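Quick notes on the structure that follows.
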Amino acid sequence: MATANRNPEIRKDAVNNRLVILSPARSRRPSDFKSKFQAKSDSNPSSNAQPQCPFCAGNEHQCAPEIFRMPEDSSSDWKVRVIENLYPALSRDALVKSDNKEYCHSSGTSGEMSLGGFGFHDVIIESPVHSVHLPDLLTSGVAVVLLAYKKRIEQLSAIDSINYVQVFKNHGASAGASMSHSHSQILALPIIPSLASNRLSSMEEYHNQTGKCVLCNIHTDKLLIDESTHFISISPFASTFPFETWIVPRFHSSHYHELDENKAIDLGGLLKLTLQKLSIQLNDPPYNFMIHTSPLRVTSSELPYTHWYIQIVPQLSTIGGFEMGTGCYINPVFPEDAAKILRELEVVSRE
């Protein structure tokens, strides 16, 4: 059925407990969606390093302090560097008292509360080469980035006052990237953000009703894009955004940092393929991807229904007053159509 002939639908996202309106755009077919963003070419694309870019190899001294690099024993020939953010959103130097008396401030009856700005904000430089982006890397190179995430989360989890870690990547200026050199970020928080808390509550509700994990029990009929040994990529049933894509572990896993090296290579291949397909189909759009993992200190009773996944959102549309006012998004592309387009798209291997 052509999208233009479909009636709108209201669908519920059982993972995040939110409603989405699927309302097909009459002016374009799903296959016509393209990014209007044009990436700026480097002034000297043949050069591996940009003199003004602190993330390029040879400019390490321009960066904030390094946390670690991979390989760890490399003096200059590194593949991935994890550094402190030069302009952090949170302060790693702020003190958190065990009783929270000097950390948490309440205004009393108004219900307002403020917390000290303690936390960690790190940058993962994904390649020493300025012109190389994440999907340009070999599968093994993407796996190194994924394992760097894992290692940093493990380090942060050892800090008692850190309760949640968010890994994210902004690609393109309109997606929030302030540097053109390919990188991603990690924010570690002493609190559990409301969206993560809502997601866990929704997963718990589904488990209580069905006895199953919502992501283990996810329906892939007409929504499957690609699959690997350990992961699947899908267009979620209630996609919030056009061509939104999830990568979900086939195996039940609550925390991203449970990922081992073999699964990281498998995930690296599927993530690379997914980003390549979105780039080809949508004209290299700006995008955000987020790793939605569980809070670091979930209880044993929460493990059966908590399940991590990666969300990739191409920036193809803007939100308006309705979305801001209701939290209910209008998506002009049915996920079944997006999945079919991406599933049938052939990609020539860049390995």
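Counting in the numbering used here, the sequence shown runs from 692 upward without gaps. Where is the CB? At the ideal position from N, CA and C, for every residue including glycine. These numbers were taken from a predicted model, which means no experiment stands behind them.
ask   = Expressed to the nearest angstrom, what Euclidean distance is found between the alpha-carbon atoms of I909 and H943?
value = Residue numbering aside, residue 909 sits at position 218 when the sequence shown is read from its first letter. Residue numbering aside, residue 943 sits at position 252 when the sequence shown is read from its first letter. Each residue's alpha carbon lies about 12 Å from the other.
ask   = What residues in its chain sit with their C-beta under 6 Å from that of L950, if we drop five residues either side in the sequence?
value = Position 259 of the sequence shown, counting from 1, holds the residue named residue 950. These residues qualify, in order along the chain: K841.
key: Integer Cβ distance of T936 from I916, believed to fall under 8 Å   = As a first step, residue 936 is located in the sequence shown; it is residue number 245 there, counting from the start. As a first step, residue 916 is located in the sequence shown; it is residue number 225 there, counting from the start. About 7 Å; that satisfies the 8 Å criterion.
query = Are the beta-carbon atoms belonging to A705 and V1004 less than 7 Å from one another?
reply = Within the sequence shown, the letter at position 14 stands for residue 705. Within the sequence shown, the letter at position 313 stands for residue 1004. Taking 7 Å as the Cβ cut-off, A705 and V1004 do not qualify as a contacting pair.
Inter-residue Cα distance where the pair is A693 and M804 = Stepping through the sequence shown from its first residue, residue 693 is reached at position 2. Stepping through the sequence shown from its first residue, residue 804 is reached at position 113. Since pLDDT at A693 reaches only 48, below the 50 mark, its modelled position is unreliable, and the value read off the structure follows with that caveat. Going from the Cα of A693 to the Cα of M804 covers about 50 Å.
inquiry  = For a minimum of 4 consecutive residues, which ranges assigned as the alpha helix (DSSP H) are wholly contained in the stretch 871-916?
reply    = 885-901
query = With burial defined as no fewer than 16 other Cβ atoms inside 10 Å of the residue's Cβ, what is the status of I938: buried or exposed?
reply = Here residue 938 corresponds to residue number 247 of the sequence shown, with the count starting at 1. So I938 counts as buried.
request  = Report the option in E1037, A1030, Y897, D975 whose CA atom is closest to the CA atom of T997.
outcome  = Residue 997 sits at position 306 when you count from the first residue of the sequence shown. When only C-alpha atoms are compared, the closest one is Y897.
message = Am I right that W999 and S945 are in contact with their C-beta atoms under 8 Å? What's the rounded C-beta distance?
response = As a working mapping, residue 999 is identified with position 308 in the sequence shown. As a working mapping, residue 945 is identified with position 254 in the sequence shown. Contact holds; Cβ gap of about 7 Å.
query = So, F811 versus R783, is the Cβ gap smaller than 7 Å?
reply = Position 120 of the sequence shown holds residue 811. Position 92 of the sequence shown holds residue 783. Closer than 7 Å, so yes.
key: Given P721 as reference, the closest of L777, P1026, F980 once Cα atoms are compared   = Residue mapping note: residue 721 aligns to position 30 of the sequence shown, counting from 1. Of the listed residues, the one whose Cα sits closest to P721 is P1026.
task = Indicate whether the contact test is met: 3 or more Cβ pairs, each with one atom in the stretch 1017-1024 and one in the stretch 951-960, closer than 8 Å.
result = no
message = Give me, in chain order, the residues of the same chain whose beta-carbon lies closer than 8 Å to that of L994; leave out the 5 immediate sequence neighbours on both sides.
response = One-based indexing of the sequence shown puts residue 994 at position 303. Taken in chain order, the residues that qualify are S945.
query = Looking only at its own chain, which residues have a Cβ that is under 8 Å from the Cβ of V1039, when we skip the five neighbours before and after it?
reply = Here residue 1039 is taken as the residue at index 348 of the sequence shown, counted from 1. Here the set comprises nothing.
request  = Could you please give the first and the last residue of the uninterrupted alpha helix (DSSP H) stretch that includes T936?
outcome  = Taking the sequence shown and counting its residues from 1, one reaches residue 936 at position 245. Unbroken run through T936 is the beta strand (DSSP E), 936-940; no alpha helix (DSSP H).
message = In chain order, what are the residue ranges of uninterrupted alpha helix (DSSP H) at least 4 long that sit wholly in the stretch 923-989?
response = As far as the stretch 923-989 is concerned, its whole alpha helix (DSSP H) runs of at least 4 residues are 952-973.
ask   = What do you get for L886, buried or exposed, if any count of 16 or more other CB atoms within 10 angstroms of its CB means buried?
value = Taking the first residue of the sequence shown as 1, we reach residue 886 at position 195. L886 should be labelled exposed.
CB-CB length for P745 against C754, believed under 8 Å = Here residue 745 refers to the residue found at position 54 of the sequence shown. Here residue 754 refers to the residue found at position 63 of the sequence shown. Yes, P745 and C754 are in contact; Cβ-Cβ is about 5 Å, under 8 Å.
DSSP beta-bridge partners of K770 = On the sequence shown, position 79 is the one that residue 770 refers to. Beta-bridge partners assigned by DSSP to K770: none are found.
request  = Can you check DSSP and say which residues form a bridge with A710?
outcome  = Within the sequence shown, residue 710 is the residue found at index 19, counting from 1. Sequence check: residue 710 is Leu here, not Ala. Looking at the DSSP assignment, L710 forms a beta bridge with K703.
message = What does the Cβ neighbour count give for C747, buried or exposed, with the cut at 16 atoms within 10 Å?
response = Within the sequence shown, residue 747 is the residue found at index 56, counting from 1. Buried, because 16 or more other Cβ atoms sit within 10 Å of the Cβ of C747.
task = Can you grab the Cα-Cα spacing for the pair N750 / P742, in whole Å?
result = Within the sequence shown, residue 750 is the residue found at index 59, counting from 1. Within the sequence shown, residue 742 is the residue found at index 51, counting from 1. Going by the C-alpha atoms only, they are around 8 Å apart.
Whole-angstrom C-beta distance between K968 and L1036, which should lie under 8 Å = Walking along the sequence shown from the start, residue 1036 turns up at place 345. Walking along the sequence shown from the start, residue 968 turns up at place 277. About 5 Å separates the two Cβ atoms, so the contact holds.
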